Amino acid sequence: MTTTENSWVLVTGASSGFGEEFARQYAAQGHSLVLVARRLDRLQALAETLRRQYSIDVVVEPADLSDIAAVTRLHRHLRERGIAIDILINNAGHGLQGPFVDSPLDATLAMVQLDVASLTAVTHVFAQDMRARGRGNILLVASLLAYQGVQNFAVYAAAKAYVLRLGEALHRELKRDGITVTTLCPGMSDTGFAAAAQQKLTPALKQLMMQPAPVVRAGIRALQAGRIGVVAGWANKALVILTWATPRWLHQAFMSHVMNG
Numbered sequence: 360m361t362t363t364e365n366s367w368v369l370v371t372g373a374s375s376g377f378g379e380e381f382a383r384q385y386a387a388q389g390h391s392l393v394l395v396a397r398r399l400d401r402l403q404a405l406a407e408t409l410r411r412q413y414s415i416d417v418v419v420e421p422a423d424l425s426d427i428a429a430v431t432r433l434h435r436h437l438r439e440r441g442i443a444i445d446i447l448i449n450n451a452g453h454g455l456q457g458p459f460v461d462s463p464l465d466a467t468l469a470m471v472q473l474d475v476a477s478l479t480a481v482t483h484v485f486a487q488d489m490r491a492r493g494r495g496n497i498l499l500v501a502s503l504l505a506y507q508g509v510q511n512f513a514v515y516a517a518a519k520a521y522v523l524r525l526g527e528a529l530h531r532e533l534k535r536d537g538i539t540v541t542t543l544c545p546g547m548s549d550t551g552f553a554a555a556a557q558q559k560l561t562p563a564l565k566q567l568m569m570q571p572a573p574v575v576r577a578g579i580r581a582l583q584a585g586r587i588g589v590v591a592g593w594a595n596k597a598l599v600i601l602t603w604a605t606p607r608w609l610h611q612a613f614m615s616h617v618m619n620g
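Residue 360 is where the sequence shown starts when you use this note's numbering, and the numbers rise one by one after that.
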């Protein structure tokens with residue numbers, strides 16, 4: 360395997376949904392890939408397809424990133440192989456729908472661990488390497504719900520608000536080090552997220568549903584353009600404008616209806 364003079368992209372949560380689509384689109388651009396997720400069989404199948412279709416290098420790293428020790432192991436493995444990550448797609452995460460008090464505490468804290476603590480750790484270790492080289496690109500995947508608290512998505516919305524604010528701060532903080540940080544805020548998308556989160560698909564959500572490909576394209580273009588962030592889809596952009604332009608009681612009531620019916 361050639362590991363020099365290559366542009367390597369690391370994609371977390373690469374076994375399905377947005378992560379898989381990021382891998383496909385970067386592979387089509389000719390980038391070498393490091394694919395990270397828990398499901399080894401899914402990663403291996405995707406890697407074989409991309410190698411065959413695009414003749415690129417693909418490294419598979421099965422890891423449960425909710426374990427911070429797994430983050431440091433991943434970082435060490437790549438350094439030992441001489442793989443320098445040029446583009447980090449920090450996509451791994453999951454959500455839950457339901458009343459806060461009724462949700463199992465362990466499941467809630469596991470979501471915070473992956474969506475907040477682990478995302479922070481992955482960003483930190485690879486940003487250090489990028490700063491040492493004087494270049495790099497980081498995309499953090501947040502959510503449309505980052506813009507407001509939403510009934511029955513309290514912890515998920517709060518976690519994604521953290522991702523959004525982290526990305527906004529790091530965009531300015533790391534720019535002087537030659538690192539671009541962009542935050543992608545998708546709305547409802549056909550990624551399998553809803554089933555994993557035990558989410559109710561209301562009629563409004565079905566109308567707003569986007570496919571992963573255009574969402575990922577929006578994220579990649581925004582990162583390449585050096586933008587601070589992007590909301591994918593015109594309907595989702597309109598919802599953000601609604602959030603800015605209306606009182607909290609109004610837009611939160613509206614979003615509660617959209618998300619919960």
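Where a beta carbon is used, it is the ideal one built from N, C-alpha and C, also for glycine. In this text, all values refer to a predicted model and were calculated from it rather than measured experimentally.
Practice item. Just tell me which of Arg-492, Phe-512, Ser-477 and Asn-511 has its CA closest to the CA of Val-500. Key: To locate residue 500, count along the sequence shown from 1; it is residue 141. Closest by alpha carbon: Ser-477.
Point to revise | Distance between beta carbons of Leu-447 and Leu-369, contact taken as under 8 angstroms | key: The sequence position of residue 369 within the sequence shown is 10, counting from 1. The sequence position of residue 447 within the sequence shown is 88, counting from 1. 5 angstroms between Cβ atoms; contact.
Check your understanding: From this set, Lys-519, Val-418 and Val-460, which residue's C-alpha is nearest Gly-454's C-alpha?
Key -> Taking the first residue of the sequence shown as position 1, residue 454 is located at position 95. Nearest option by C-alpha distance: Lys-519.
Review point. So, helix, strand or coil for Val-574, using DSSP?
Key: Indexing the sequence shown from 1 puts residue 574 at position 215. In this structure, Val-574 counts as helix in the three-state DSSP scheme.
Review point. Out of curiosity, what's the CA-to-CA distance linking Pro-606 and Val-509?
Key: As a position in the sequence shown, residue 606 is number 247, starting the count at 1. As a position in the sequence shown, residue 509 is number 150, starting the count at 1. Cα to Cα, Pro-606 sits roughly 14 angstroms from Val-509.
Practice item. Decide if Thr-431 is buried, meaning its Cβ has at least 16 other Cβ atoms within 10 Å, or exposed. Key: For the purposes of this step, residue 431 is identified with residue 72 of the sequence shown, where counting begins at 1. Label assigned to Thr-431: exposed.
Point to revise | Contact the region 403-420 vs the region 460-477: 3+ CB pairs below 8 angstroms | key: no
Practice item. Starting from Glu-420, follow its DSSP beta bridges and name the residues at the other end. Key: Working through the sequence shown from its first residue, we reach residue 420 at position 61. Beta-bridge pairing links Glu-420 to Val-395.
Check your understanding: Mind checking Arg-393: buried by the 16 CB within 10 Å criterion, or exposed?
Key -> Here the question's residue 393 lines up with position 34 in the sequence shown. Arg is not the amino acid found at residue 393; the sequence shown has Val there. Buried, because 16 or more other Cβ atoms sit within 10 Å of the Cβ of Val-393.
Review point. What do you get for Glu-621, buried or exposed, if any count of 16 or more other CB atoms within 10 angstroms of its CB means buried?
Key: Outside the modelled stretch of the chain, which goes from 360 to 620, sits residue 621, for which no answer is possible.
Exercise for review: Provide the residue span of the alpha helix (DSSP H) that contains Leu-468, from first to last.
Suggested key: Locating residue 468 in the sequence shown gives position 109, counting from the first residue. Residues 464-471.
Check your understanding: Could you give the uninterrupted runs of the beta strand (DSSP E) lying entirely in the region 446-509, keeping only those of 3 residues or more?
Key -> 495-500
Check your understanding: Looking at the structure shown, is Ile-600 part of a helix, part of a strand, or coil, going by DSSP?
Key -> Counted from its first residue, the sequence shown places residue 600 at position 241. Looking at Ile-600 - three-state DSSP - the assignment turns out to be helix.
Exercise for review: Grab the span of the alpha helix (DSSP H) containing Ile-538 for me, first residue to last.
Suggested key: Residue numbering aside, residue 538 sits at position 179 when the sequence shown is read from its first letter. Taken as a continuous stretch (DSSP letters only), Ile-538 belongs to no alpha helix (DSSP H), being part of the beta strand (DSSP E) at 538-544.
Review point. Just the Cα atoms here: how many angstroms apart are Leu-529 and Leu-433?
Key: Position 170 of the sequence shown, counting from 1, holds the residue named residue 529. Position 74 of the sequence shown, counting from 1, holds the residue named residue 433. If I take the Cα positions, the gap works out to 22 angstroms.
**Study point:** Alpha carbon of Arg-580 to alpha carbon of Ala-513, nearest angstrom
**Key:** Sequence index remark: in the sequence shown, residue 580 carries index 221 (1-based). Sequence index remark: in the sequence shown, residue 513 carries index 154 (1-based). Roughly 30 angstroms between the two C-alpha positions.
Practice item. Have a look at Ala-406 and Arg-398 and give me their C-alpha separation to the nearest angstrom. Key: Indexing the sequence shown from 1 puts residue 406 at position 47. Indexing the sequence shown from 1 puts residue 398 at position 39. Whole-angstrom Cα-Cα distance: 12 angstroms.
Check your understanding: If you draw a straight line from the alpha carbon of Val-475 to that of Ala-517, how long is it in whole angstroms?
Key -> Along the sequence shown, one-based indexing puts residue 475 at 116. Along the sequence shown, one-based indexing puts residue 517 at 158. Val-475 and Ala-517: Cα-Cα distance of roughly 10 angstroms.
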